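Colleague: If you scroll down you'll find the structure; I have some questions about it.
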Amino acid sequence: MRHNKKGNHLGRTSSHRKAMLANMSVSLIRHKRIKTTVAKAKALRVYVEPLITKSKNDTTHSRRVVFSHLKDKNAVNELFRDISVKVADRPGGYTRILKTGTRLGDNAEMCIIELVDYNTTYTSDSKAAKPAARRTRRGKTKSAPTKTVSVDAGGKVVDTETVAEEPAAKKVEGKIDEPAVEIPKEAKPKEDKPKDSPAKGETPEKEA
Numbered sequence: 000m001r002h003n004k005k006g007n008h009l010g011r012t013s014s015h016r017k018a019m020l021a022n023m024s025v026s027l028i029r030h031k032r033i034k035t036t037v038a039k040a041k042a043l044r045v046y047v048e049p050l051i052t053k054s055k056n057d058t059t060h061s062r063r064v065v066f067s068h069l070k071d072k073n074a075v076n077e078l079f080r081d082i083s084v085k086v087a088d089r090p091g092g093y094t095r096i097l098k099t100g101t102r103l104g105d106n107a108e109m110c111i112i113e114l115v116d117y118n119t120t121y122t123s124d125s126k127a128a129k130p131a132a133r134r135t136r137r138g139k140t141k142s143a144p145t146k147t148v149s150v151d152a153g154g155k156v157v158d159t160e161t162v163a164e165e166p167a168a169k170k171v172e173g174k175i176d177e178p179a180v181e182i183p184k185e186a187k188p189k190e191d192k193p194k195d196s197p198a199k200g201e202t203p204e205k206e207a
């Protein structure tokens with residue numbers, strides 16, 4: 000009976016399993032995400048997250064402990080120099096497992112295991128959008144009213160008036176405001192008025 004034996008042996012001997020997890024940890028530290036089976040990813044998560052926590056305390060002893068697990072100087076340097084700074088404010092849970100389906104050959108469950116802080120898809124670092132200006136039904140923005148104060152010679156306030164400022168004119172890109180020029184209308188030619196025709200019974204006057 001397997002009482003109190005929670006670890007997954009992954010079908011390997013102890014030395015083979017430790018070497019495989021160390022190799023996968025180095026790959027995860029270098030590439031920030033790797034593709035593997037779900038069983039290996041869950042075993043890797045338990046193996047690598049305590050090492051990331053250990054890297055937050057950058058001492059010689061911590062580096063030697065991490066190196067005894069990883070066996071790679073470049074990975075240890077990157078872990079203590081870059082990753083530890085990135086995850087400094089996170090109190091655990093440095094990795095994420097995303098299932099991607101099954102493998103064609105043996106139908107094994109596949110997944111992607113990645114470092115949480117290096118994937119910007121799920122982080123909300125975008126600044127909150129500024130509230131839009133209030134608009135009336137006519138489409139004009141309302142501006143805050145300004146107070147005009149009149150003071151007499153003695154320095155006393157006589158009366159105050161509130162005047163609402165008109166919204167500034169909208170700028171149209173690519174167009175230049177040109178001064179309005181009045182175009183004179185073309186003078187129409189005067190039509191010759193017809194001479195009054197003589198009334199019936201009258202003889203037209205002859206010119207001298």
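Okay, so the sequence shown: first residue is 0 according to numbering that gives the first Met the number 0, each after it adds one.
No residue lacks a Cβ here, since even glycine has one placed at the ideal position from N, Cα and C.
From a predicted model like this one, the values you see are computed outputs, not experimental measurements.
If you reduce the DSSP assignment to three classes, tell me which class ARG95 lands in.
Modeller: If DSSP states are grouped into helix, strand and coil, ARG95 belongs with the strands.
Colleague: If you check the beta carbons only, do ALA74 and VAL37 fall under 8 Å apart?
Modeller: No, they are not a contact pair.
Colleague: Can you grab the Cα-Cα spacing for the pair ALA87 / ILE28, in whole Å?
Modeller: About 16 Å.
Colleague: Contact between the region 4 to 24 and the region 34 to 49: three or more CB pairs below 8 Å?
Modeller: A contact exists between the region 4 to 24 and the region 34 to 49.
Colleague: Give me whichever residues DSSP pairs with GLU108 in a beta bridge.
Modeller: Looking at the DSSP assignment, GLU108 forms a beta bridge with THR101.
Colleague: Could you tell me if VAL47 is buried or exposed, where buried requires 16 or more neighbouring beta carbons within 10 angstroms of its beta carbon?
Modeller: Answer is buried; the Cβ neighbour count reaches 16.
Colleague: Express the C-alpha separation of THR35 and THR99 in angstroms, rounding to a whole number.
Modeller: The straight-line gap from Cα to Cα measures roughly 10 Å.
Colleague: If I'm right that ARG95 touches VAL115 with Cβ under 8 Å, what's the distance once you round it to whole angstroms?
Modeller: Contact flag correct, Cβ pair sits at about 5 Å.
Colleague: Do MET23 and LYS5 have their beta-carbon atoms positioned less than 8 Å apart in this structure?
Modeller: Contact flag unset, no.
Colleague: Smallest Cα separation from ARG209: which of GLU108, PRO49 and CYS110?
Modeller: Because the chain in this structure spans residues 0 to 207, residue 209 falls outside the shown range and cannot be described.
Colleague: Would you call LYS53 buried or exposed, if buried means 16 or more other Cβ atoms sit within 10 Å of its Cβ?
Modeller: It is buried - the Cβ of LYS53 has at least 16 other Cβ atoms within 10 Å.
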